[in-house]
Every structure is written in C-alpha cells, then in structure tokens.
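Visitor: Below is a structure I'd like to ask you about.
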Amino acid sequence: MNVPLLDLKRQYQTIKDEINAAIAEVVESQGFKLGPKVAAFEKEIADYCGTKHAIGVASGTDAILLALMAVGVGRDDEVITTPYTFFATAGAVTRVGAVPVFVDIDPKTYNIDPHKIEAAVTEKTKVIMPVHLYGQCADMDPILEVADRRGIAVVEDAAQAIGSEYKGRRAGSMGRAGCFSFFPSKNLGGYGDGGMITTDSDELADLLVSLREHGQTEAYHHWTIGTNSRLDALQAAVLSVKLRHLDAWSDGRSANADYYGSRFEGTPVTAPWREEWSRHIYNQCIIRVPDRDALLAHLRESGIGCALYYPVPLHLQKCFQTLGHTEGDLPEAERAALETISIPVFSLLTDEEKAHVADTVLEFTGGSA
Ligand SMILES: *Cc1c(COP(=O)(O)O)cnc(C)c1O
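Listed below in structure tokens is the structure:
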C-alpha cells in the first residue's frame, strides 16, 4: 500500500463545490487586487488568531521580511532565532541587512531553547524571532520575559502554526507581530503562495499596509520604501473557504499523531512531544530514530511518503559561512537534523493507512508492532 505524505487532492474533493464557487465569484468580478475578499479574509484571520489586525501579503517569506522592516530592523542589527527551521526565517533577517544569531533548540520540542536566549543578547539585538515549529508554539513566557526586560521586540514565525495555542493564546498573538504562510502544504494552504502578518498595533498595521504597496500612503505618494507584496483575491477566496474547515483538519491531524504516539510507546521510535500547555496542530509529524537514513530508505522502498525537515541546520548552510559557525556549535539542532523524519499525518488518512505507516516504521526499528 502506498501512503502519500500529504494528499491535497483528497482534501479538494471534500470542498470542491465551495472552492469552485468562491473562485468563480472572483473571476466573474475580475477584481484580483486586494478588494472585499482580501479584506474579509484578513478580518477572519485576525478574529481566528485573536489579534486586532491582519495584513495579507504575497508569501510567508514576505510576511517575515515586512514584519522585520516594520519593526525597524536594519543594517547590522541582530535577530535571535533558531537554526532549526525553514530557510526563510533567517533569510529574511539577512535581506533586511541584519544578522541572524542562532540559539540552540530544545531536543524534545525542536523549538528554540528559551533558557539559552539571554546569553545571546547584545546591545545590537533588535528582535527575538521564535519559530513555532511543526505546529507547536515555542515556550513563549520566558521568551517574552527576556524580551520585555531587555527592551527587545518579539516577532513570531508562525508559518507552520495557524491555530496553535500556548496557554490558551493563539500563535501570532503573543509578539509584536506574527507571520503566517499559506504555502499549499501548510495546514491552511492556498492554491499558490500567500502570507499574513498579525498584530495588535495600529501603528504597525498602518505601516504594513503601506509597505506591501511600495510604501505608498495614497497612489503614487511614497513616504517610505516597501515592495510589491499583496495577498491576491483568488487566494483569499480559497483560504476563506478552507479556514471554515481548519479546526476539523487540525483535530484530525492531532488524533493521527496521538495514534502514532500510542503505537510507538515503549519502542525505539520517539513520537512528537506535546507540551501540556499546547494546542499542537501538527503541520508535520516528526519522529526520531537513531538510524534515520536507513529508515528513510526503508519507508521510500515501502511506498510511504516521508521527508526530512530539516537535514542541514541553518548555521551550517554555505550561505551563512561568514557567521563563522562550525559543526558542534549547536549540537541539539545538529542531532535533530540527523535523527528526525516526517511521516504522513494529514487528517484524511484512513485507519488502514495509519496502521500501515506505523507497522512499516516498527517493522524496521524492531519495536513490537
Ligand atoms: C513555510 C515557512 C516560511 C515561508 O513561507 P512561504 O510562504 O513559503 O514563503 C517561513 N517560515 C517557516 C517556519 C515556514 O515553515
């Protein structure tokens, strides 16, 4: 039996009529730039995340880039973040002229270790950017405490974490800004690229609305320099429909992850760790095994969809060589890069498929199946 890592065709079949109608409405209107669909979806996301504002942009990468610009991060500033994340997190830091400062992760959650942050703070530190990796929030209270005490802003990279909660607070509502991605494989995925920035600050929201249209205040009048980065109306229409189903999908993922958790208990396979304060939405279901590369080969041969997130931590990427890191600097991130693998967790997996994935993993790792 082949099991895909993610099957978006299956999802589309369950919402086809709603989606097609929403797309047709935009096409009939021929209004593709911002407009009512985008405004409505921005309001829905602000309500969903519990923030005052949400500003639609062209991608998750741009959400981070524009949030950093709006917070005032610039040349030679430092941004403390995790080395164990998608490239965009640190790429955006460099693109605004700032320097990413990497702090090692907690090996249980794979999120930034909050207790190692303060040692990395300097007078140049402008932002701490935790990533809510795989759909579970970083441990925010100690992060917010350090940031507050040292006068540093927090920007959340919530690209994988829409609807995730930390002690009852939603991802994207805890820092000065939260950044979301609607890349197709995210839990709330569009039919193309898209992103969103959430914030409670009126001032930041105004600036972001301007920055996404070349820093204009009104057409052809520019008070600052931004870029072209809007969420388009077709994506907003699709995403509004999908948002109505998001909680059911997230609950399905969570139930699937729990199933794996029970199957892998007492075996050499480490299932995802869920903090007690956490609503985890499992953008990925990451398991940890000593002989990861061999398991990867075994799953591929068996037709089980799987992937590595992330095989090379950012501090060891070629483009960041100038930061002067060597192997061994951030040992937990490096170990996670060697020992983890993502397995299918999407909500429409059948019971038979789930069982087959667990059986195939266990048949290899020698746990009792
Ligand atoms: C997906 C992702 C991004 C970037 O989002 P895009 O929409 O692909 O630009 C940024 N950070 C993290 C952690 C992500 O997973």
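Take 1 as the starting number for the sequence shown in the working numbering and just add one per residue.
All C-beta atoms, glycine included, are put in the ideal place defined by N, C-alpha and C.
(1) Rounding to the nearest angstrom, what Cα-Cα distance links V370 and A119 in this structure?
(2) Can you list, in chain order, the residues of its chain whose CB lies under 6 Å from that of G261, leaving out five sequence neighbours each side?
(3) What separation, rounded to the nearest whole angstrom, lies between the Cα atoms of H214 and D193?
(4) For S232, verify whether its CB is less than 7 Å away from any heavy atom of ligand 1.
(5) Say yes only if the C-beta of A171 is nearer than 7 Å to one or more non-hydrogen atoms of ligand 1, and no if none qualify.
(6) Under the DSSP definition of a beta bridge, which residues are partnered with N228?
(7) Where does K9 land, buried or exposed, given buried means 16+ other C-beta within 10 angstroms?
(8) Pick helix, strand or coil for A369, following the three-state DSSP scheme.
(9) Tell me whether V135 counts as near ligand 1, meaning its Cβ is closer than 7 Å to at least one heavy atom of that ligand.
(10) Does the distance between the C-beta of Q160 and the nearest non-hydrogen atom of ligand 1 fall short of 7 Å?
(11) Pick from L211, Q160, A337 and L234: whose alpha carbon is nearest that of E28?
(12) DSSP puts C376 in a beta bridge; with which residues?
(13) Ends of the beta strand (DSSP E) at P142?
(14) Is S181 near ligand 1, judged by its Cβ being under 7 Å from some heavy atom?
(15) Looking at C-beta atoms only, is the number of pairs between the segment 151-167 and the segment 58-68 that lie closer than 8 Å three or more?
(16) Heavy atom of ligand 1 less than 7 Å from the Cβ of V103, yes or no?
(17) Return the residue from the list E42, A24 and R279 that minimises the CA-CA distance to C179.
(18) Rounded to whole angstroms, how far is the Cβ of I162 from the Cβ of L144, which I believe are closer than 8 Å?
(19) Report all residues from its chain with a CB closer than 6 Å to the CB of C49; omit the five preceding and five following residues, and keep chain order.
(20) Looking at ligand 1, does it come within less than 7 Å of F346, judged from the CB to the closest heavy atom?
(21) Does the separation of the CB atoms of A46 and A40 fall below 8 Å?
(22) Could you please give me the residues that DSSP links to F102 through a beta bridge?
(23) Counting C-beta neighbours from all protein chains within 10 Å, is the total for R288 16 or more, i.e. buried, or is it exposed?
(24) Quick one: using the 10 Å Cβ neighbour count with 16 as the cut-off for buried, is A369 buried or exposed?
(25) Between L308 and H298, what straight-line distance do the alpha-carbon atoms span, to the nearest angstrom?
(26) Any heavy atom of ligand 1 closer than 7 Å to the beta-carbon of S59?
(27) Please name the residue or residues paired with M196 in a DSSP beta bridge.
(28) Roughly how many angstroms separate the alpha carbons of L314 and A22, rounded to a whole number?
(29) Give the single residue among A336, P311 and R150 whose Cα lies nearest to the Cα of K126.
(30) Does L304 come out as helix, strand or coil in the three-state DSSP assignment?
(31) Alpha carbon to alpha carbon, how far is Q13 from Y310?
(32) Considering only C-alpha positions, which residue in the set K116, A337 and Y282 is nearest to A248?
(33) Under three-state DSSP, which class holds H222?
(34) Where does M129 land, buried or exposed, given buried means 16+ other C-beta within 10 angstroms?
(35) Do V71 and A98 count as a contact pair if the criterion is CB distance below 8 Å?
(36) Cβ-heavy atom distance between V127 and ligand 1 below 7 Å?
Guide: Once the coordinates are examined:
(1) Residue 370 lies beyond the stretch modelled for the chain, which goes from 1 to 369, so this question has no answer here.
(2) A271
(3) 19 Å
(4) The question names Ser, but residue 232 is Asp in the sequence shown. No, Cβ of D232 sits at least 7 Å from all heavy atoms of ligand 1.
(5) no
(6) E213
(7) exposed
(8) The predicted position of A369 is uncertain, since its pLDDT is 45 and thus under 50; no value can be drawn from it.
(9) A small correction: the amino acid at residue 135 is Gly; Val does not occupy that position in the sequence shown. It does not: the Cβ of G135 is nowhere closer than 7 Å to a heavy atom of ligand 1.
(10) yes
(11) L234
(12) An answer regarding residue 376 cannot be provided, because it is not within the stretch 1 to 369 covered by the chain.
(13) Careful: P142 lies outside any beta strand (DSSP E), inside the alpha helix (DSSP H) at M140 to R150.
(14) yes
(15) yes
(16) no
(17) E42
(18) In fact, because the Cβ distance is near 20 Å, the residues do not count as touching under 8 Å.
(19) R170, G172, S173 and T198
(20) no
(21) no
(22) T81
(23) buried
(24) With a pLDDT of only 45 at A369, under 50, the local geometry of the prediction cannot be trusted, and the value read off the model is given with reservation. Exposed, because fewer than 16 other Cβ atoms sit within 10 Å of the Cβ of A369.
(25) 14 Å
(26) yes
(27) G56 and F180
(28) 39 Å
(29) R150
(30) Residue identity differs from the one stated: residue 304 is Ile in this sequence, not Leu. I304: strand per DSSP, three-state reduction.
(31) 31 Å
(32) Y282
(33) strand
(34) buried
(35) no
(36) no
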